[in-house]
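Colleague:
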Amino acid sequence: MVAEPEVLASAEKPAILSLNAYGAEVRFECDDPEFTRWLHFLVPAARFEPLAWTNAPVRSTVFQISVDRVNKKREREHRVTRNGELVFENHSLSRMQWFLERCLLREAALGLETPYSLVHAAAAEKDGVGILLPASSKSGKSTLVAALALSGFTYYSDEVGIMTESQKLLPYPKAITLKPGGWDTILRTFPSSRERMYKRPNGNTFRHLMAPIFQPPTDLSSAVDIKLVILPKYKEGRSAKVKPIEKAQAMRQFARRSMNWKRLGPEGFMILSNVLQAAECYRLYTNDLHESVALVKDLVAQHKPQTSAAAG
Amino acid sequence: MVFEYRESSRTGSSKADSASPPNHLKGDVLLAPTDRFMPTTLEGGVVAFDIPKDQVFILNEQASVVFNLTDGSRTVDQVIQDVAIVYEMDAEEVRADVLEALNNFIEHKMLEAKS
């Protein structure tokens with residue numbers, strides 16, 4: 000069973016959202032209950048239930064969030080303190096959203112006991128094939144992974160690929176953040192996704208897509224192997240096309256998109272190298288989402304593990 | 000023949016350290032990889048992690064051939080000969096390019112003369 004996040008709010012006290020992020024307990028306290036509810040949609044706690052292998056003592060971190068605070072210059076600003084220390088101050092709610100996402104990711108990653116590497120990537124799974132989609136912003140990776148999630152793939156992340164030293168892929172399934180072009184395309188291609196689309200009240204131009212719930216792996220051995228590394232690139236006016244690329248070329252993308260490279264050093268390099276040794280690498284030019292999904296399904300069919308009956 | 004380095008910079012400058020590289024490599028010098036790099040061979044070429052600089056060097060296929068031949072057992076002249084055999088060319092045809100590649104490896108502290 001997965002637990003529902005605890006959201007408490009009243010006129011007297013700040014709204015509180017408690018999340019379990021692998022081995023970490025993260026508590027967001029906000030003076031704006033509406034913002035907390037939105038945060039709840041953005042980072043659904045149910046997807047981050049502690050996994051069996053995270054036996055480390057639970058670390059608890061409290062973030063206090065102040066929305067629309069008026070400073071001495073009479074400017075509206077938003078603030079975040081972490082365990083009482085000011086860690087964010089900005090006028091942009093979108094930047095605070097991004098910052099809070101990163102805070103949760105950091106806490107979640109620190110809660111993992113196994114060595115791991117983080118890469119800026121979307122991620123999904125189908126038929127036992129772990130798929131990593133490393134790419135820069137505006138490459139269409141969130142739109143592509145949303146299309147995959149709405150086409151029967153298991154959604155893992157639109158933001159970060161968590162890779163272990165045994166080439167396993169771990170989920171970080173926050174709500175999918177779609178820019179205007181992205182959510183427009185998704186709604187056009189998958190009209191029924193409208194009921195899963197969420198926009199923050201008084202919010203920015205982004206929308207968030209709730210991917211279908213799934214059961215996360217219960218231990219490391221049951222986590223999915225990374226078998227496909229696909230570099231997506233949005234090309235307007237072109238048919239979707241996939242072509243194999245050399246693994247050394249994919250390493251270039253990994254190195255550019257790594258999020259904890261400096262901290263891990265050689266260990267992180269070896270994780271990335273081992274992932275690439277074990278996976279096949281492709282470039283996917285994406286435009287029409289149905290075509291792109293069909294191409295990824297073809298790749299999965301080529302690389303899915305043989306069942307024992309089929310193997311026998 | 001092009002011996003290309005492509006560097007994926009994570010931190011710091013992509014320039015080599017200030018130690019000046021040798022302008023001329025003698026043919027009887029034995030070259031070997033330094034401890035500073037962690038190289039691994041992937042499909043498409045060697046990728047090498049520069050441990051102190053947190054950088055990755057991605058070598059193209061030709062540069063990878065040269066790097067893999069400099070394992071401490073071959074002299075510079077033997078490396079040139081073996082590269083020529085790999086590409087079915089004369090040693091003199093590949094000499095300048097191989098020397099340039101070796102000097103670049105030394106400049107970036109990927110290789111050092113073995114005493």
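Read top to bottom, the protein sequences are chains A and B. Numbering of the first sequence is given in numbering that gives the first Met the number 0, commencing with residue 0 and proceeding in unit increments. Numbering of the second sequence is given in numbering that gives the first Met the number 0, commencing with residue 0 and proceeding in unit increments. The beta carbon of each residue, even a glycine, is placed where N, CA and C say it ideally should be.
1. If you draw a straight line from the alpha carbon of Thr-33 (chain B) to that of Lys-113 (chain B), how long is it in whole angstroms?
2. When the Cα atoms are used, what is the spatial distance from Arg-73 (chain B) to Glu-42 (chain B)?
3. Counting only Cβ-Cβ distances shorter than 9 Å, please list the residues of the stretch 229-260 of chain A near chain B, keeping chain order.
4. What I want to know is whether the C-beta of Asp-70 (chain B) ends up closer than 7 Å to one or more non-hydrogen atoms of the ligand ZN.
5. Comparing C-alpha positions only, which one of A:Cys-102, A:Ala-122 and A:Pro-265 sits nearest to Ala-146 (chain A)?
6. Using the rule of at least 16 other Cβ atoms within 10 Å of the residue's Cβ for burial, across every protein chain shown, is Thr-153 (chain A) buried or exposed?
7. Measuring only between beta-carbons, confirm whether Tyr-86 (chain B) sits less than 8 Å from chain A.
8. Kindly indicate which residue of A:Glu-100, A:Ser-272 and A:His-302 has the alpha-carbon position closest to the one of Leu-227 (chain A).
9. Among the residues of its own chain, which have a CB less than 6 Å from the CB of Thr-80 (chain A), if the five just before and after it don't count?
10. Helix, strand or coil, according to DSSP, for Leu-16 (chain A) in the structure here?
11. Can the beta-carbon of Val-292 (chain A) be found less than 8 Å from the beta-carbon of Ser-150 (chain A)?
12. Between the stretch 39-70 of chain B and chain A, which residues of the former have a C-beta closer than 7 Å to a C-beta of the latter?
13. Helix, strand or coil: which one does DSSP assign to Arg-237 (chain A)?
14. Please name the residue, chosen from A:Glu-124, A:Val-128 and A:Asp-183, that lies closest to Tyr-155 (chain A) on a Cα-to-Cα basis.
15. How many angstroms separate the CA atom of Gly-311 (chain A) from the CA atom of Val-128 (chain A)?
16. Where do the ends of the beta strand (DSSP E) carrying Phe-66 (chain B) lie?
17. Alpha carbon to alpha carbon, how far is Asp-30 (chain A) from Ser-91 (chain A)?
Modeller: If we stick to the structure as given:
1. 10 Å
2. 24 Å
3. Ile-244, Glu-245, Lys-246, Ala-247, Gln-248, Ala-249, Met-250, Arg-251, Gln-252, Phe-253, Ala-254, Arg-255, Ser-257 and Trp-260
4. The ligand ZN is not among the ligands present in this structure, which contains no ligands whatsoever.
5. A:Ala-122
6. buried
7. no
8. A:His-302
9. Gln-63
10. strand
11. yes
12. Thr-39, Leu-41, Glu-42, Gly-43, Gly-44, Val-46, Phe-48, Ile-50, Asp-53, Val-55 and Ile-57
13. coil
14. A:Glu-124
15. Reliability fails at Gly-311 (chain A), whose pLDDT of 39 lies under 50, so the model's placement of it is uncertain and no value is given.
16. No beta strand (DSSP E) holds Phe-66 (chain B); the alpha helix (DSSP H) holding it covers 60-68.
17. 17 Å
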